[in-house]
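Here is the structure we will look at, set down as structure tokens.
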Amino acid sequence: MATERRKRKSSVGMIGFWLCITLPVNAVNGQTLESQSSKTLAIEQSATQQIESQTFRAEQWGLDLTEWQRYKFLMQGIRGSVSPATLSPIEVLGIHARNSDERRRYAEQWAVMMRDDAERILAFQRAYDDAQRHLFPNGLLIDANALASVAHQGGTENVTWQPDDRVLFFTETQCPHCDAVLERLVSQIKQFGGIDFYLTDVPAGEESRIRDWAVAKQIDPQWVSDHKITLNIDAGAFHQVAVHTGQQSQDLPVLILRREGQLAPLPVSQF
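Letter 41 of the sequence shown, counting from 1, is numbered 112 in our numbering, and no numbers are missing.
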């Protein structure tokens with residue numbers, strides 16, 4: 072009997088010993104599975120968010136997810152190295168089109184988007200001009216005193232551009248000679264602050280003609296958005312310039328250099 076009791080006690084002890092070992096191990100395994108499950112869920116959520124983000128950005132450009140992913144892939148190659156980061160996804164896909172139909176499709180898509188964007192920018196420019204006339208009805212676009220103070224200095228025959236320089240460019244909607252000067256001046260626009268165009272034959276209320284002119288001259292809408300270029304009706308500005316610079320008899324275009332708050336005639340012959 073004593074022997075049997077000792078055997079039972081020994082068996083109970085062994086069961087307790089294995090329970091002590093097994094229970095913590097099972098608990099650890101449970102925690103590990105829970106941790107792995109949490110990590111898997113986090114990865115899945117992150118992947119879903121990335122896909123949703125890419126899908127949203129693709130839709131902003133009128134692309135599907137496959138096109139967006141191809142654009143991202145192309146930007147990892149030569150296109151991302153030699154082109155500016157501001158190059159649009161549509162332009163990238165168009166440049167690397169795989170056939171003529173694809174190239175034409177992206178070209179048309181980009182043309183429509185640029186036209187729409189130009190409409191929005193010019194609409195805001197018109198609203199801005201209206202606000203200027205409403206808020207400052209007696210305000211002068213050009214300070215005649217500033218012109219008078221530098222008129223005696225004569226023209227700027229050989230201008231060396233400075234980063235903050237701006238050019239006041241007076242022109243008409245139909246002026247071939249003006250267009251030639253415009254093209255040459257715009258080709259240098261990265262060297263100075265910007266150009267303020269004034270259309271002398273566009274009266275107030277017909278600002279849509281300025282929009283059509285800008286589109287016809289292929290004025291970059293982004294430059295207008297960034298105020299690198301401004302589009303304005305003349306509103307008497309040309310007369311103020313001509314009186315103080317002796318340019319009243321000069322044929323268009325008339326160019327004025329604005330530098331550090333001072334204004335001086337800019338010879339058209341330089342361009």
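Quick reminder that beta carbons are idealized off the backbone N, C-alpha and C, glycines included.
Could you pull the DSSP bridge partners for residue i from this structure?
i	result
I300	I266
L337	L326
F240	F268, L326
From which residue to which residue does the beta strand (DSSP E) around residue i run?
i	result
I327	325-330
Alpha carbon to alpha carbon, how far is residue i from residue j?
i	j	result
C246	L323	8 Å
P336	G307	17 Å
A189	Q341	30 Å
W139	L193	29 Å
G332	D172	52 Å
I161	S152	17 Å
F195	D297	12 Å
K299	D305	18 Å
I266	N170	39 Å
G276	L158	35 Å
A202	R175	40 Å
R329	A178	38 Å
Q147	S154	11 Å
A168	V312	50 Å
D187	S279	14 Å
Q131	V252	37 Å
A156	V238	28 Å
Determine the closest residue to residue i out of the options, with distance taken between C-alpha atoms.
i	options	result
R191	Q293, Q333, I300, F309	Q293
A198	R282, V153, S152, R141	R282
Q262	Q289, P338, I290, V230	V230
F14	I266, I327, D297, V295	For residue 14 there is no data in the structure shown, the boundaries of the chain being 72 and 342.
Q321	F241, Q147, V153	F241
A182	Q311, G165, I266	G165
G264	V295, L158, D235, S279	D235
Q289	E254, R280, E277, G276	E254
M185	R237, A168, V295	V295
Does the CB of residue i have a neighbour CB from chain C at under 8 Å?
i	result
D172	The chain inventory of the structure shown lacks chain C, comprising one protein chain alone.
Looking only at its own chain, which residues have a Cβ that is under 8 Å from the Cβ of residue i, when we skip the five neighbours before and after it?
i	result
K80	Because K80 sits at a pLDDT of 48, beneath the cut-off of 50, its placement in the model cannot be relied upon, and the point is left open.
E243	C249, L270, T271, D272, L323
W232	Q259, Q262, F263
D200	E278, N303, I304
Where does the unbroken alpha helix (DSSP H) through residue i begin, and where does it stop?
i	result
G165	160-166
Q180	171-206
P234	Taken as a continuous stretch (DSSP letters only), P234 belongs to no alpha helix (DSSP H), as it is neither H nor E.
E138	136-145
A251	247-257
A285	279-287
S152	149-153
Residues in its own chain within less than 6 Å of residue i by CB, not counting five upstream and five downstream?
i	result
N303	Y269
P274	none
V163	Y142, L145, R150
L256	F342
T301	D267
W284	T244
Excluding five sequence neighbours on each side, which residues of the same chain lie with their C-beta closer than 7 Å to the C-beta of residue i?
i	result
Q180	G133, I161
V286	A189
L343	The shown model of the chain, from 72 to 342, leaves out residue 343, and the question about it has no answer.
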